Amino acid sequence: MCNYEANIWSQSTEPEKLDLNKAAVAATITVGNGYAQLEEFCAAINISCMSEKTYIKHRENIVDDFQKTAIETMKMACELEKEFALERNETINGIPYITVIADGSWMKRLYGNTYDSLSGVGAIIGYRTKKVLFIGIRNKFCTVCDMGERNGLEPYSHKCYNNFDCKASSIRMESDAIVEDFKSSLEMHELIYKTVIADGYSSVPVHKK
């Protein structure tokens, strides 16, 4: 006998499909819900729901995967825009320049009345490819930090999404996110955003100057 041993798996060790818990968490993220809504949904169809601790664990891992995928997709879109510019010899000192569309939004927008949304987003889209080249999110609020502050306690270890001055106007969130990419486009993507297209509500051109 050669004493050779080997493991033969009856099914793939790297399944292409998510397990049920991960799939459920991913679904809540994509539709904008959370654990409370998932718990109610499971109760309505008479199946047991995972614990909130398990939900948070899966959510953090899935959000990280979503972010990595988004970054890779945006890098590919930038490379495509760069190729189109080079094909047309649209360069400045050898660096390709492109036209981009800048737009954004915040969750609570009452024109001419109030600008106090707690979250906002700014995006840059390639004019030729119509693909997203950059997206930036701004938040004035973190639930965990706020809960700790109200109870006079140190917040537990968590991923804090508060990255914007809570006293600043929400209208600035859109432009702040977009200007971030303008400042780094040359270093990150080796691209020059030469022409910007924005709608009449955008404050981007003013802040970009």
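The sequence shown runs contiguously to residue 209 in the UniProt record's numbering. Every residue gets a Cβ at the ideal spot worked out from N, C-alpha and C, and that includes glycine. Please read these numbers as outputs of a predicted model, since none were measured by experiment.
Could you round the C-beta distance between residue i and residue j to whole angstroms and report it? I think they count as a contact, below 8 Å.
i	j	result
Leu186	Pro96	The pair is not a contact, with the Cβ atoms about 11 Å apart (cut-off 8 Å).
Tyr127	Ile101	6 Å
Arg150	Met173	No, Arg150 and Met173 are not in contact; Cβ-Cβ is about 24 Å, not under 8 Å.
With a CB to CB cut of under 7 Å and the five nearest residues on each side skipped, what residues in its chain are close to residue i?
i	result
Thr28	Gly34, Gln37, Leu38
Asp103	Ala123, Ala198, Asp199, Ser202
Met50	Asn21
Ile8	none
Ala6	none
Asp19	none
Lys57	none
His158	Val144
Taking the Cβ atom as the reference point for each residue, do residue i and residue j lie within a distance shorter than 9 Å?
i	j	result
Lys194	Ile98	yes
Phe141	Asn162	yes
Ala70	Ile135	yes
His189	Lys17	no
Val31	Arg59	no
Only counting the same chain, and skipping five residues up and downstream in sequence, which positions put a Cβ closer than 8 Å to that of residue i?
i	result
Gly148	Glu154, Pro155, Tyr156
Ser48	Cys42
Thr54	Asn21
Ile62	Lys22, Val25, Ala26, Ile29
Ala44	none
Val206	Any answer about Val206 is weak, because its pLDDT of 46 lies below 50 and its placement is not dependable; what the coordinates show is given next. Excluding sequence neighbours, Val206 sits near Ser175.
Cys160	Cys142, Val144, Cys145
For residue i, which residues does DSSP report across the bridge?
i	result
Trp106	Gly120
Gly136	Gly122
Ala198	Ala102
Ile95	Ile92
Ile192	Tyr97
Only counting the same chain, and skipping five residues up and downstream in sequence, which positions put a Cβ closer than 6 Å to that of residue i?
i	result
Glu52	Tyr35
Phe84	Arg128
Ile125	Ile101, Val132
Leu86	Pro96
Asn46	none
Next item on the list: Pair every Cβ in the stretch 125 to 137 with every Cβ in the stretch 71 to 81, then say whether three or more of these pairs are closer than 8 Å.
Entry: With a cut-off of 8 Å on Cβ pairs, the stretch 125 to 137 is in contact with the stretch 71 to 81, counting three or more such pairs.
Next item on the list: Decide if the stretch 165 to 182 is in contact with the stretch 120 to 129; the criterion is three or more beta carbon pairs, one per stretch, under 8 Å apart.
Entry: The stretch 165 to 182 vs the stretch 120 to 129: in contact.
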